[in-house]
Structures are given as structure tokens and as C-alpha cells.
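Chemist: Before I ask anything, here is the structure I am working with.
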Amino acid sequence: MNKFREKLLTAFTRTFDLPSEVTLQLPRITMIGAIHAYIENHQGLLIFTDSELLLKVHQGRVRINGDKFVLKMMIDKNILLEGNIKVVRFEQE
Amino acid sequence: MFFYKKNWLTGYVTIKVIGPYPERFFDLCARYQVPSWDIIKKSSTVAIGKIKLSDLSKLRKVKKKSIHKIYFSGRSGLPFVIKKLVAQKPLLIGITIAFIIIFMLSNIIWRIDVAGLDREIKLKVLNQVEEYGLEKGNFQWNVESPATLQKKILEDIPELLWIGVKKNGSAFHLKGVEKLRLKNRKRVNQGI
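Protein chains in written order, with this note's numbering: chain A, 2 to 94; chain B, 761 to 952.
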């Protein structure tokens, strides 16, 4: 049932040309070089240290590694991360 | 950047969260519509972050939902700066005294110029004008407006044909024209 819904939504998004992060609840990650990462639409912060950030997103997790991490802003579902970003990895559940 | 400036104006506090996974407290804050920023993790159980002064009441609610301990480690922003300034009595007194002095000094008459008249009549005009309160060192609010002064001087000194009184900042400029024929003692049309 869930899979079916997923497929339907993807098709819906494709046919009407809608922004996928809105309809599919996917995160939107904007990066400025390797110093800033702006993550919108995440679903919770799991781990934050000065070298790692683990976020829960729709159907999985996003792990960001690097060093000198500072969370510059945390508003609702958006996070602005600052530091030396080295790896951004998506992990399926 | 506007976010930070705005928060400085309304004031913010630095909080220190102690407990296992302290970053989750800030996540909880975000869920309860309490924005936070500049979050740094000091060690595995200590994290430091900043929140708005106006969100403190909401923070209390969030605190009940979590197991973390929260300490306030710093306060900054305009409200606290004002508080500090107000607490410094000598500074406040100094500022008010300075304002009063500037106000008083700028309301004193510093100079009276008379132009276009003989020495004799000039002295007469100055003496006459002194009676109206227009003299060096007097306050400007003790003196009437230039238009009424002009009328009064013309009435009291018949030798004058015309006199212009102009106020220029803290100085008064008088410019007069004599009746030349008055020296012949022919007092014709004295009333004018």
C-alpha cells in the first residue's frame, strides 16, 4: 500500500512538474562550497557532534561528516550547518 | 544575517545543555517553535546554544518534556546593554548634565551687532535694547520676537528712520538707518 502511494505521488509530481521536495517530503540540501549546508525539510536531528551530523529524513538518514561543525541556525524543519564538510551520505533504512 | 541582527535587538541568552545527547534538546526546541542558533557541542554530554529572550517561557515547557539540565551561561543583546547602562548612575547623570549645558549655552545671546549707525546712536540703541532684555549673556527666551523689538526700538528712538532686527542662531544683528535731517532739529513728522 505504501509502495503504491509512493509510486502514485512520484507520477503525480512528474506529470504536474511540482517541486519534488514538497510532495515527496524529501529533504532539500543546499551547499555553499564545502563550508555551508542548508538542510530543509528534515524530520529530526539524531546526532550532532563537531565532526558529524546525522539527520532523519523521509525513508532514511543523511549523514554529514567533516570537522569544526557549528549549527548556525535551527528553525522548525531547517538546519544551517557550518564547518568543513567532507562527506554527505544518504543511508537507506 | 538579518536573523542575527534582529535577535541582537530583542536580546538572547546562551544556554548550556547537559545530559546524554544534548543536541536532541535543540531538536526538541525546534519542534516547539523555539529557534536556536550557534549550537556547538563541547563534549559528548555538553552543548551550548543560543535562544531568543522572548522564547524563555516556551523553553520552560520544552524543559519539562526532556531529561536534560539547562544552565544559563550568558545574556547579550540590546535589552541587557540598556539595563547595564541604566545601572551606571554617574554615566546617566553626566549625560543629562551635558544635555542641559548644551541646551542652556545654545539659548544664550552671545553677540549683538549694530550696523549702519553712528557711534552715538549706536550706543543709544544698545542701551535702549538692553532695557528690553537684549544684552550679552541673557537667555533668548527673555527677549521678545524680532518683529516686536523692531517696532519698540523705532518708537523709543526717534532718530531712527528704520531698524531691522534679525536673529541668527545665538547672535542678534541690528541694522539701522538714521534720519539725517534730525540733526537740524527740525522735528517734522515725528510720529513716523
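We put the CB at the ideal spot given by N, CA and C, even for glycine.
1) Residues in the same chain with beta-carbon distance under 8 Å from K896(B), minus the five sequence neighbours each way, listed in chain order, please.
2) Helix or strand or just coil, what does DSSP make of T805(B)?
3) From D798(B), K765(B), G893(B) and N898(B), pick the residue whose C-alpha is nearest to that of K908(B); which is it?
4) Kindly indicate which three-state DSSP category N42(A) falls into: helix, strand or coil?
5) Report back the beta-carbon spacing between K935(B) and I917(B) to the nearest angstrom; my notes put them in contact at under 8 Å.
6) Against chain B, with Cβ distances strictly below 8 Å, would M74(A) count as a contact?
7) Who does H37(A) pair with in a DSSP beta bridge?
8) Is the region 792–805 of chain B in contact with the region 836–843 of chain B, if contact means three or more CB pairs nearer than 8 Å?
9) Count the other CB atoms within 10 Å of the CB of D68(A); is the residue buried (16 or more) or exposed (fewer)?
10) Report buried or exposed for K767(B), applying the criterion of at least 16 other Cβ atoms within 10 angstroms of its Cβ.
11) Since D68(A) meets chain B, which of its residues come closer than 8 Å, beta carbon to beta carbon?
12) Ordered along the chain, which non-local residues of its own chain (more than five positions away) have a Cβ less than 7 Å from that of D798(B)?
13) Check whether chain B comes within 8 Å of I48(A), counting only Cβ atoms and requiring the distance to be less than that.
14) Counting only C-beta atoms, is G34(A) closer than 8 Å to chain B at any point?
15) Chain A beta carbons: is any one of them nearer than 8 Å to that of D815(B)?
16) Output needed for L838(B): all residues of its chain with C-beta closer than 8 Å, excluding positions within five of it in sequence on either side, in chain order.
17) First and last residue of the beta strand (DSSP E) that includes S905(B)?
18) Just the C-alpha distance for P28(A) and P20(A), rounded to the nearest angstrom, thanks.
19) Please list, in chain order, the chain B residues whose beta carbon lies closer than 8 Å to that of V71(A).
20) Any Cβ of chain A within less than 8 Å of the Cβ of A847(B)?
21) What are the uninterrupted segments assigned as alpha helix (DSSP H) that are 4 or more residues long and contained completely in the region 828–859 of chain B, given in chain order?
22) Could you pull the start and end residues of the beta strand (DSSP E) that V885(B) belongs to?
23) Got a sec: which bits of the region 80–94 of chain A sit with their beta carbon under 7 Å from any beta carbon on chain B, in order along the chain?
24) Name, please, each residue of chain A whose Cβ falls closer than 7 Å to the Cβ of A790(B).
25) Using 8 Å as the limit for Cβ to Cβ distance, is G45(A) near chain B?
26) At least one CB of chain A closer than 8 Å to the CB of I862(B): is that the case?
27) List, in order along the chain, the chain B residues whose C-beta lies closer than 8 Å to that of D51(A)?
28) Roughly how many angstroms lie between the CA atoms of A875(B) and L940(B), to the nearest whole one?
29) At a CB-CB cut-off below 8 Å, which residues of chain A make contact with P703(B)?
30) Alpha carbons only, please: which of L56(A), I80(A), A12(A) and F17(A) is nearest the one belonging to Q93(A)?
Modeler: Quick look at the numbers:
1) Counted from its first residue, the second sequence places residue 896(B) at position 136. Within the same chain, K896(B) has close Cβ partners I869, W870, R871 and I872.
2) As a position in the second sequence, residue 805(B) is number 45, starting the count at 1. T805(B) sits in coil when the DSSP states are folded into three classes, being neither helix nor strand.
3) The sequence position of residue 908(B) within the second sequence is 148, counting from 1. Note on residue identity: the sequence assigns Thr, not Lys, to residue 908(B). Taking the Cα of T908(B) as reference, the smallest distance to any Cα among D798(B), K765(B), G893(B) and N898(B) is reached at G893(B).
4) Residue 42(A) sits at position 41 when you count from the first residue of the first sequence. Note: N42(A) maps to coil in three-state DSSP.
5) Within the second sequence, numbered from 1, the residue matching residue 935(B) stands at position 175. Within the second sequence, numbered from 1, the residue matching residue 917(B) stands at position 157. Between I917(B) and K935(B) the Cβ distance is about 14 Å, and since that is not below 8 Å, they are no contact.
6) On the first sequence, residue 74(A) is found 73 positions in, with the first residue counted as 1. Cβ-Cβ to chain B under 8 Å: yes for M74(A).
7) Position 36 of the first sequence, counted from the start, is the residue given in the question as residue 37(A). For H37(A), which the question treats as bridged, DSSP gives the partners I33(A) and E83(A).
8) These segments do not touch.
9) Counted from its first residue, the first sequence places residue 68(A) at position 67. Classification for D68(A): exposed.
10) Mapped onto the second sequence, residue 767(B) falls at position 7. According to the sequence provided, residue 767(B) is Asn. The question's Lys does not apply to it. N767(B) is buried by the Cβ-count criterion.
11) Sequence index remark: in the first sequence, residue 68(A) carries index 67 (1-based). Here the premise fails: no neighbours, minimum Cβ distance about 12 Å.
12) Stepping through the second sequence from its first residue, residue 798(B) is reached at position 38. For D798(B), same chain residues with a beta-carbon under 7 Å away, outside a window of 5 residues either side, are G809 and K810 in chain order.
13) For the purposes of this step, residue 48(A) is taken as residue 47 along the first sequence, with counting starting at 1. Taking Cβ atoms only, chain B reaches closer than 8 Å to I48(A), which makes this a yes.
14) Position 33 of the first sequence, counting from 1, holds the residue named residue 34(A). Proximity of G34(A) to chain B, defined by a Cβ-Cβ separation below 8 Å, is not satisfied.
15) Indexing the second sequence from 1 puts residue 815(B) at position 55. Taking 8 Å as the CB threshold, D815(B) stays off the interface with chain A.
16) Locating residue 838(B) in the second sequence gives position 78, where the first residue counts as 1. Closer than 8 Å at the Cβ level, and outside the excluded window around L838(B), lie W768, L769, T770 and G771.
17) To locate residue 905(B), count along the second sequence from 1; it is residue 145. That residue, S905(B), is in no beta strand (DSSP E); it is neither H nor E in DSSP.
18) Taking the first residue of the first sequence as 1, we reach residue 28(A) at position 27. Taking the first residue of the first sequence as 1, we reach residue 20(A) at position 19. Approximately 11 Å between the Cα atoms of the pair.
19) For the purposes of this step, residue 71(A) is taken as the residue at position 70 of the first sequence. Chain-order list of chain B residues neighbouring V71(A): D798, I799 and I800, by C-beta distance under 8 Å.
20) In the second sequence, the residue the question calls residue 847(B) occupies position 87. It does not: the Cβ of A847(B) has no partner Cβ on chain A nearer than 8 Å.
21) Correct list: 838–847.
22) The residue you call residue 885(B) lines up with position 125 of the second sequence. Where V885(B) is concerned, there is no enclosing beta strand (DSSP E), although the alpha helix (DSSP H) it sits in stretches over R879 to E891.
23) Cβ contacts with chain B come from no residue of the region 80–94 of chain A.
24) Start at 1 with the first residue of the second sequence, and residue 790(B) comes out as number 30. Under the 7 Å cutoff, chain A gives M75, I76 and D77.
25) Numbered from 1 along the first sequence, position 44 holds the residue referred to as residue 45(A). Yes, G45(A) lies at the interface with chain B (some Cβ there is under 8 Å from its Cβ).
26) On the second sequence, residue 862(B) is found 102 positions in, with the first residue counted as 1. Interface annotation, I862(B): not in contact with chain A, CB-CB separation never under 8 Å.
27) In the first sequence, counting from the first residue as 1, residue 51(A) sits at position 50. Here the neighbours are I800 and K801.
28) As a first step, residue 875(B) is located in the second sequence; it is residue number 115 there, counting from the start. As a first step, residue 940(B) is located in the second sequence; it is residue number 180 there, counting from the start. The alpha-carbon atoms of A875(B) and L940(B) are separated by roughly 16 Å.
29) The structure shown does not extend to residue 703(B), since chain B is modelled only from 761 through 952, so no value can be given for it.
30) Position 92 of the first sequence, counting from 1, holds the residue named residue 93(A). Comparing Cα positions, the closest option is L56(A).
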